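Undergrad: Please find one structure pasted underneath; my questions will follow.
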Amino acid sequence: MHQHETHVTGSTGAEAPVTTASQPVLGTSGQASIGGDVSRETSHDDAFARIAADAQENPLAAELIEAERKRRELENAPFPKPAGTRVITVSNQKGGVGKTTTSVNVAAALASRGAKVLVIDCDPQGNASTALGVEHRSGTPSIYEVLLDETPLVEVMQQCPDLPTLWCVPATIDLAGADIELVSAVRREYRLHDAVAQLRASAGGDFDYIFIDCPPSLGLLTLNAMVVATEVLIPIQCEYYALEGLSQLIKTVEMVRKHLNPRIHVSTIVLTMYDQRTNLAREVAAEVRSHFPEQTLEQTIPRSVRVSEAPSFGQTVITYDPHSSGAVAYLAVAREVAVRGAAAQTEGVR
Ligand SMILES: Nc1ncnc2c1ncn2[C@@H]1O[C@H](COP(=O)(O)OP(=O)(O)OP(=O)(O)O)[C@@H](O)[C@H]1O
Ligand SMILES: [Mg+2]
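Here's what the structure looks like:
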């Protein structure tokens, strides 16, 4: 509990916007008045260089500098597009580990670099729909009608307001009963599979990526997501009990591979809410990496107030605050996803 409080307090400070943080930074160097006069005339780059010079004395500034350096590096880095549609299900039956946050931000990051991306919200909570700013009041045509009434995905998907190549199939509260209603449906594990196959064959269905945001359970909604996907992306929160339930999740993927979808595999693990200042986070990360060296991405996602407040503006952090450490981390994760996917395709693994 105490540990948790430390995380939150620490990250709040770390997430202060560059302009706010730069004031004390310049102040502590004893150059406040000079900095104040000069900054009106100098370019953004000069200000950045001056803050960088002070960064050694100030860990907060160092963090901001690192985020900005990485952002600039990523600005020029290529994001290879996949040869065909990559269908990635974002799963972990443990609640609140960052499934939705990872789905929408990786999707938005890829879309911001020109990929055509669809997020299918498969959770009755509708959090992905909220974050992507699409309508999802009860009664809105949604994933519920797709799964239960066989309504085509093209008829329910909505273009996201902030990124033209990002689309979302919303989930409404109507989905809450779907896990039970699906039990008696024909081909109940294949409903989403059939809908995606139909989408890919229709005009406008040429997506580079389809991300499926799953609910925190291993019911029929998650099963449908695993039957249609080739890849599973597992977000793991760097906290107590992080690995709890992971073996059950892996067993479920194995079961799906054996009986329902031979192509499914865990391709990616993302460490979320990572606070490098705590031993616990470092230990969890090391343990995950030792179990899943191939799958665990190098880039981790820091705890970030900007990330958690973006959904209340109907936005992802990618558009809400592209300079924040959270946005830069998700952009870096998206690049790893793109590059690793392209490499896997070249090797013929997928
Ligand atoms: N990097 C982060 N920094 C700060 N807060 C975060 C971060 N990632 C996620 N959160 C917050 O943690 C909470 C849980 O995240 P999220 O909703 O993405 O998890 P989830 O696995 O989708 O949850 P559920 O199991 O309920 O679907 C949310 O309030 C979210 O804003
Ligand atoms: Mg969620």
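For the sequence shown, counting from 1, position 270 maps to 269 in numbering that gives the first Met the number 0; every step adds exactly one. Just so you know, even glycine gets a beta-carbon here, dropped at the ideal spot from N, CA and C. Only a predicted model underlies this, so the values are computations on that prediction, with no experimental measurement involved.
Let me know the alpha helix (DSSP H) ranges lying completely inside the segment 226-279, each 4 residues or longer, listed in chain order.
TA: List check, alpha helix (DSSP H) in window: 245-258.
Undergrad: With three or more beta-carbon pairs closer than 8 Å as the criterion, would you say the segment 179-190 touches the segment 77-94?
TA: No: fewer than three Cβ pairs fall under 8 Å.
Undergrad: Residue 112 by DSSP, collapsed to three states: which one?
TA: Position 113 of the sequence shown, counted from the first residue, corresponds to residue 112. If DSSP states are grouped into helix, strand and coil, residue 112 belongs with coil.
Undergrad: Three or more C-beta pairs under 8 Å: does that hold for the segment 251-259 against the segment 292-301?
TA: With the cut-off at 8 Å, the segment 251-259 and the segment 292-301 do not touch.
Undergrad: Select from 74, 62, 57, 214 the residue whose C-alpha is nearest the C-alpha of residue 334.
TA: Here the question's residue 334 lines up with position 335 in the sequence shown. The residue with the shortest Cα to Cα distance from residue 334 is 74.
Undergrad: At a cut-off of 6 Å, is residue 91 close to ligand 2 when judged by its beta-carbon and the heavy atoms of the ligand?
TA: The residue you call residue 91 lines up with position 92 of the sequence shown. Not so, every heavy atom of ligand 2 lies at least 6 Å from the Cβ.
Undergrad: Can you list the alpha helix (DSSP H) stretches of 4 or more residues lying completely in the segment 108-156, in chain order?
TA: Whole alpha helix (DSSP H) segments, 4+ residues: 126-130, 142-148, 152-155.
Undergrad: Checking 7 Å against the spacing of the C-beta atoms, do residue 232 and residue 267 come in under that value?
TA: As a first step, residue 232 is located in the sequence shown; it is residue number 233 there, counting from the start. As a first step, residue 267 is located in the sequence shown; it is residue number 268 there, counting from the start. Yes, Cβ-Cβ distance for residue 232 and residue 267 is below 7 Å.
Undergrad: Any contact between the segment 306-319 and the segment 129-140? By contact I mean 3 or more CB pairs, one from each, below 8 Å.
TA: Output reads yes: the segment 129-140 touches the segment 306-319.
Undergrad: May I ask you to report which of helix, strand or coil DSSP gives residue 358?
TA: With the chain covering 0 to 349 only, the question about residue 358 has no answer from this structure.
Undergrad: Shortest alpha-carbon distance to residue 332 belongs to which of 60, 59, 78?
TA: By 1-based counting over the sequence shown, the position of residue 332 is 333. The shortest C-alpha separation from residue 332 is found at 78.
Undergrad: Kindly examine ligand 1 and report whether one of its heavy atoms sits closer than 6 Å to the Cβ of residue 269.
TA: Reading the sequence shown from its first residue, position 270 is the one you call residue 269. Outside the cutoff, so no.
Undergrad: Work out the CA separation of residue 285 and residue 279 for me, nearest whole Å.
TA: Counting from one through the sequence shown, the residue named residue 279 turns up at place 280. Counting from one through the sequence shown, the residue named residue 285 turns up at place 286. Their backbone Cα atoms lie some 10 Å apart in a straight line.
Undergrad: Can you tell me which of 152, 190, 228 puts its alpha carbon nearest to the alpha carbon of residue 211?
TA: Here residue 211 corresponds to residue number 212 of the sequence shown, with the count starting at 1. Out of 152, 190, 228, 228 has the C-alpha closest to the C-alpha of residue 211.
Undergrad: Measure the C-alpha to C-alpha separation of residue 288 and residue 269 and round it to an integer number of angstroms.
TA: Here residue 288 corresponds to residue number 289 of the sequence shown, with the count starting at 1. Here residue 269 corresponds to residue number 270 of the sequence shown, with the count starting at 1. Cα to Cα, residue 288 sits roughly 10 Å from residue 269.
Undergrad: Helix, strand or coil, according to DSSP, for residue 208 in the structure here?
TA: In the sequence shown, counting from the first residue as 1, residue 208 sits at position 209. In the structure shown, residue 208 sits in a strand (DSSP, three-state: E or B).
Undergrad: Taking the beta strand (DSSP E) that residue 59 belongs to, which residues open and close that run?
TA: Mapped onto the sequence shown, residue 59 falls at position 60. Unbroken run through residue 59 is the alpha helix (DSSP H), 58-74; no beta strand (DSSP E).
Undergrad: Looking at the secondary structure, which residues open and close the beta strand (DSSP E) in which residue 165 lies?
TA: Along the sequence shown, one-based indexing puts residue 165 at 166. Here the beta strand (DSSP E) through residue 165 covers 165-168.
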